[in-house]
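Read the structure below first, then the notes.
Number of protein chains: 2
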Amino acid sequence: MGRETVFDDAPQPPRRRGRPAKANSLADNTRSSIVTAAAEEFSRDGYDATSMRGIARAASVDPALVRHYFSDKADLFSEAIAAPMRPDVMVTHALAGPRDEIGVNIVRYIVETLDNPAAGARIIRLLHTALGQEFAASMLREFMMREVLKRIARELGEKDSEARASFAATQLIGLVVARYGLKIEPLASASPDEVINHIGPIVQWHLMGSPLP
Amino acid sequence: MGRETVFDDAPQPPRRRGRPAKANSLADNTRSSIVTAAAEEFSRDGYDATSMRGIARAASVDPALVRHYFSDKADLFSEAIAAPMRPDVMVTHALAGPRDEIGVNIVRYIVETLDNPAAGARIIRLLHTALGQEFAASMLREFMMREVLKRIARELGEKDSEARASFAATQLIGLVVARYGLKIEPLASASPDEVINHIGPIVQWHLMGSPLP
Numbered sequence: 556m557g558r559e560t561v562f563d564d565a566p567q568p569p570r571r572r573g574r575p576a577k578a579n580s581l582a583d584n585t586r587s588s589i590v591t592a593a594a595e596e597f598s599r600d601g602y603d604a605t606s607m608r609g610i611a612r613a614a615s616v617d618p619a620l621v622r623h624y625f626s627d628k629a630d631l632f633s634e635a636i637a638a639p640m641r642p643d644v645m646v647t648h649a650l651a652g653p654r655d656e657i658g659v660n661i662v663r664y665i666v667e668t669l670d671n672p673a674a675g676a677r678i679i680r681l682l683h684t685a686l687g688q689e690f691a692a693s694m695l696r697e698f699m700m701r702e703v704l705k706r707i708a709r710e711l712g713e714k715d716s717e718a719r720a721s722f723a724a725t726q727l728i729g730l731v732v733a734r735y736g737l738k739i740e741p742l743a744s745a746s747p748d749e750v751i752n753h754i755g756p757i758v759q760w761h762l763m764g765s766p767l768p
Numbered sequence: 556m557g558r559e560t561v562f563d564d565a566p567q568p569p570r571r572r573g574r575p576a577k578a579n580s581l582a583d584n585t586r587s588s589i590v591t592a593a594a595e596e597f598s599r600d601g602y603d604a605t606s607m608r609g610i611a612r613a614a615s616v617d618p619a620l621v622r623h624y625f626s627d628k629a630d631l632f633s634e635a636i637a638a639p640m641r642p643d644v645m646v647t648h649a650l651a652g653p654r655d656e657i658g659v660n661i662v663r664y665i666v667e668t669l670d671n672p673a674a675g676a677r678i679i680r681l682l683h684t685a686l687g688q689e690f691a692a693s694m695l696r697e698f699m700m701r702e703v704l705k706r707i708a709r710e711l712g713e714k715d716s717e718a719r720a721s722f723a724a725t726q727l728i729g730l731v732v733a734r735y736g737l738k739i740e741p742l743a744s745a746s747p748d749e750v751i752n753h754i755g756p757i758v759q760w761h762l763m764g765s766p767l768p
């Protein structure tokens, strides 16, 4: 308790998802102590080596209670670092649609989420932390690789899918840094549709080699 | 003097370029005081609003002396922030070659420069600073737009060239962040040729819409 965590600059208490506003304070406290324990466990052991069970132990609660509040480790991690978006959810949704729209769907999710100024600023703070601390970078990398890139690779099923996914990540990360961090023009002021129409096919090409328009 | 500058975390004194190792110490001191004054001027006024003449005045030297040591403002800026590469030089070189090799040439320059671990780490420290301070971001943005994107746009001559250049920047920035900052695999361990062959055509497409392989 009270130990410093790597991504401890969250602007506000962890958001609550899908729960009534007047939840009783005992549940609030339990949930909050799970998030605090998770932040400490992740910051000490990294993403891969941390388990839901270990977090439950650190929070002195039953593992079933952790699973009651959080669907999986990615969910808990996203909440612990106050991530403004869930790249693993984005990928799952994008992969569920038509194959030739994966790139556009991923970019749309990113732009529609991060064009909210608070969300855009938050993702940049997370990247700022990751670029300044090797451990934060490794934690974010483990999360990205396990929950995002490997899922895409598994779904695409090609032998070079992991390479393709990591190359696609470069385009997406660069979009985020340039539009929301450095705010390079005219990109930063371009409409969501312009960005989606331009970057979506590039991501599609990275992933599947489909012809560009 | 002694005022804090925005990019003041340079790991070592500014490098010397194209000068004999045994330059006399008076010249060394003059040159060093110009760089110090430049860092302060840029950090106070930003890239666009700073002039070679103003830097000369701040360093109490003749403007001709500033031009003796530094070919232009971009040169002085790059040295003031201890940049490990000159994106404006990269662009000038890339644009001088065959039009259909611009993308590959830009990516080759970036990868060959930043695969040096010290250079890769330095560019990430610069990006880290830029993502953490709005003024540093604006300075880097002004430099990128004036010295890189507008040059590309001018050379391409299409009406949407500035947009194209800013979209190309997303791919290049993302490559740098993912390979040298987050170190996402298998990208981070890919050979220079793999990276150049994959990302080069994407940059080409961003800039000129040429068909991808």
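From first to last, the protein sequence lines stand for chains A and B.
Under the numbering used here, the final residue of the first sequence carries the number 768; numbering is consecutive throughout.
Under the numbering used here, the final residue of the second sequence carries the number 768; numbering is consecutive throughout.
All C-beta atoms, glycine included, are put in the ideal place defined by N, C-alpha and C.
Owing to the predicted nature of the structure, the values given are computational and were not obtained by experimental measurement.
Query, Result
"Own chain partners of B/Met-640 with C-beta closer than 6 Å, once the 5 adjacent residues on each side are dropped", "Thr-668"
"Min CB distance B/His-648 to chain A below 8 Å", "no"
"Local Cβ density within 10 Å of B/Phe-690, reported as buried at 16 or more and exposed below that", "exposed"
"B/Pro-568, DSSP secondary structure in three states", "Residue placement at B/Pro-568 cannot be trusted, given a pLDDT of 49 that sits under 50; the coordinates are not used to answer."
"Classification of A/Ala-593 by the beta-carbon crowding that lies within 10 angstroms, buried from 16 upward", "buried"
"Residue span of the alpha helix (DSSP H) that contains B/Thr-585, given as start and end", "580-600"
"Touch test, the stretch 587-602 of chain A against the stretch 626-644 of chain A, Cβ-Cβ under 8 Å, three pairs minimum", "yes"
"Between the CA atoms of B/Glu-702 and B/Ala-614 - distance to the nearest angstrom", "24 Å"
"8 Å Cβ cutoff met for A/Phe-698 and A/Tyr-624", "no"
"Whether A/Val-732 touches B/Ile-728 by CB criterion (8 Å)", "yes"
"Collapsed DSSP secondary structure at B/Lys-705 in the structure displayed", "helix"
"A/His-623 at chain B interface by Cβ criterion, 8 Å", "no"
"With 16 other Cβ atoms within 10 Å as the buried cut-off, status of B/Ser-598", "buried"
"8 Å contact criterion, which A/Ser-809 and B/Leu-730 should meet: CB distance rounded", "The structure shown has nothing for residue 809 of chain A, since chain A only spans 556 to 768."
"Contact list for B/Gly-687 against chain A, beta-carbon separation under 7 Å", "His-683"
"Any C-beta of chain A under 8 Å from that of B/Gly-557", "A caution first: B/Gly-557 carries a pLDDT of 44, below 50, which makes its placement in the model too unreliable to give a value."
"Completely contained beta strand (DSSP E) runs for the stretch 648-682 of chain A, where each covers 3 or more residues", "none"
"From B/Leu-704, B/Glu-656 and B/Phe-562, residue whose alpha carbon lies closest to that of B/Ile-636", "B/Phe-562"
"Nearest-angstrom Cα separation, counted from A/Asp-617 out to A/Met-556", "Low per-residue confidence applies at A/Met-556: pLDDT is 42, beneath 50, and the placement is therefore not dependable, though the value from the model is reported in the following sentence. Straight-line Cα distance between these residues: approximately 18 Å."
"Beta-carbon gap between B/Ala-692 and A/Gly-736 smaller than 8 Å", "yes"
"Chain A contacts made by the stretch 727-740 of chain B, where a contact means CB separation under 9 Å", "Leu-727, Ile-728, Gly-729, Leu-730, Val-731, Val-732, Ala-733, Arg-734, Gly-736, Leu-737, Lys-738, Ile-739 and Glu-740"
"Sequence-distant residues of the same chain with beta carbon closer than 8 Å to B/Ser-751, five excluded per side", "The amino acid at residue 751 of chain B is misidentified as Ser; the sequence shows Ile. Val-659, Val-662, Arg-663 and Val-666."
"Cutoff 6 Å; reference A/Thr-585; Cβ partners in own chain excluding five residues on either side", "none"
"Members of the stretch 690-712 of chain B that neighbour chain A once the beta carbon cut-off is set at 9 Å", "Ala-692, Ser-693, Leu-695, Arg-696, Met-699, Met-700 and Leu-704"
"Spatial neighbours of A/Ala-611 in its chain, beta-carbon cut-off 6 Å, leaving aside the 5 residues before and after", "Pro-618 and Val-621"
"Whole-Å CB distance - A/Leu-711 paired with A/Met-763, under 8 Å assumed", "7 Å"
"Coarse secondary structure for A/Ile-690, derived from DSSP in three states", "According to the sequence as given, residue 690 of chain A is Phe; it is not Ile. Residue state, collapsed to three classes: helix."
"Pick from B/Ala-708, B/Arg-696, B/Ser-606 and B/Glu-713 that is closest to A/Ile-739, judged by C-alpha positions", "B/Arg-696"
"Chain D within 8 Å of B/Ala-629, Cβ atoms only", "Of the chains in the structure shown, none is chain D; the protein chains are A and B."
"is_contact[B/Thr-725, chain A] using C-beta, thresh 8 Å", "yes"
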